[in-house]
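Everything below concerns the one structure shown next.
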Amino acid sequence: MLEIFSKWKANLTSADLPDQAEEGKLPQHIAIIMDGNGRWAKRKGLPRIAGHREGMKVVTKIVRVASNMGIEVLTLYAFSTENWKRPKKEVDYLLGLPERYLKAELPKLIENNVQVRLIGTTDHLPDHTLRAVEKAVKDTESNTGMILNFALNYGSRYEMLEAVKSIGRLIEEGKLSADSLTEETIHAHLMTSQLNDPDLLIRTSGEIRLSNFMLWQLAYSEFWFTDVLWPDFKEQDFVEAIAVYQKRKRRYGGV
Ligand code: V07
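Letter by letter, the sequence shown follows residues 298 to 552 of our numbering.
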């Protein structure tokens with residue numbers, strides 16, 4: 298807890314943390330399944346969308362703390378390909394959140410040198426959502442700080458299926474041979490080809506499953522689950538997850 302806390306408090310950026318990063322202690326890439334927004338609202342007698350709105354405020358907080366700590370990549374599962382099955386009113390509200398978030402936060406993200414990226418498919422996404430997120434990606438593409446990677450309309454099996462299709466096409470065209478394929482070939486055809494795999498997966502709200510999130514990429518990641526619902530998730534919870542990760546790494550390293 299202490300070792301990450303001191304640097305976080307000092308408000309340093311990743312450029313100031315080479316030693317810690319080299320020791321492999323601070324996870325470079327953290328992925329989060331932000332679950333429990335609907336349940337949070339229900340417990341309070343509020344509509345589900347109130348939980349999503351509150352969850353968005355937590356995104357703002359966690360992005361700030363992650364960026365200040367020197368985390369290199371933060372991937373947030375914002376909308377899954379399965380979320381289309383929810384009531385239309387809820388889906389419409391959810392797909393308005395990227396714009397709302399960016400309207401309030403994009404200037405701060407730019408100020409903090411954060412790069413916004415996206416994984417997922419643009420299929421069926423409303424134009425207003427697409428325009429807002431594409432503008433954020435473009436406006437931050439020359440930034441050199443933390444990569445804030447939103448998984449929006451993302452599903453891991455779909456991602457792998459598309460990777461297989463594009464590799465298959467290259468084979469059909471005679472540009473690749475089946476025997477030459479490696480794990481790197483698959484990595485290169487996933488939507489995360491530009492990123493290292495997550496070191497740490499956090500899931501809130503007590504569910505112990507992956508829900509079609511980064512199935513390939515999480516093969517060697519540490520998992521940290523908490524019963525805390527996403528709207529109640531605090532900076533201290535995030536710091537605790539990292540501290541647990543660091544302890545696990547130290548144990549492995551010690552043998
Ligand atoms: C969403 C708030 C967080 C809890 C989980 C569900 C609701 C931020 C975004 C977002 C996405 C892309 C982007 C900028 C912001 C978001 C959705 C839902 C669909 F470029 N929060 N958030 N998108 N929730």
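All residues carry an ideal CB built from backbone N, CA and C; glycine is no exception.
The model shown is predicted, which means the values in this text are computed figures rather than measured ones.
In the three-state scheme derived from DSSP, where H, G and I count as helix and E and B as strand, E519 is classed as strand. L415 carries a strand assignment under DSSP once its states are collapsed to helix, strand and coil. In the structure shown, S364 falls within a helical segment according to DSSP collapsed to helix, strand and coil.
Remark: the C-beta of H349 is in contact range of the ligand V07, defined as less than 6 angstroms to any heavy atom. With respect to D436, H326 sits apart: the two C-beta atoms are not nearer than 7 angstroms.
The DSSP-derived three-state label of T479 is coil. In terms of side-chain proximity, the C-beta atom of L512 is found no nearer than 6 angstroms to any non-hydrogen atom of the ligand V07.
In the three-state DSSP reduction, S502 falls in the coil class, being neither helix nor strand. About 30 angstroms separates the CB atoms of T441 and L392; that is not less than 8 angstroms, and the two are not in contact.
For Y455, the CB stays at least 6 angstroms from every heavy atom of the ligand V07.
Of the heavy atoms belonging to the ligand V07, at least one sits nearer than 6 angstroms to the Cβ of Y398. In this structure, P528 keeps its C-beta atom at 7 angstroms or more from the C-beta atom of G367.
Counting along the chain, N509 sits inside no alpha helix (DSSP H), nor does DSSP assign it H or E at all. The closest heavy atom of the ligand V07 lies 6 angstroms or more from the beta carbon of L422. As DSSP reads the structure, F447 sits in a beta bridge with L373, L415.
Judged by DSSP secondary structure, H326 falls within the beta strand (DSSP E) whose first and last residues are 326-330. Taking each of R383, L458, H484, T378 in turn and checking the Cα distance to H421, the smallest one comes out for T378. Contact between G333 and L473 is ruled out by a C-beta separation of about 43 angstroms, above the 8 angstroms threshold. Cα atoms of L323 and E470: separation of roughly 43 angstroms, rounded to the nearest angstrom. Taking non-hydrogen atoms of the ligand V07 into account, the C-beta of L403 is found less than 6 angstroms away from none of them.
For H425, the enclosing alpha helix (DSSP H) begins and ends at 424-436.
The C-alpha of T357 is placed about 26 angstroms away from the C-alpha of L512. A residue is called buried when at least 16 other Cβ atoms come within 10 angstroms of its Cβ; L445 meets this threshold and is buried. When beta bridges are read from the DSSP output, L497 appears opposite I327, E519. F376 has its CB nearer than 6 angstroms to a heavy atom of the ligand V07.
D389 sits in a helix when the DSSP states are folded into three classes. In this structure, the CA atom of T372 is about 4 angstroms from the CA atom of A328.
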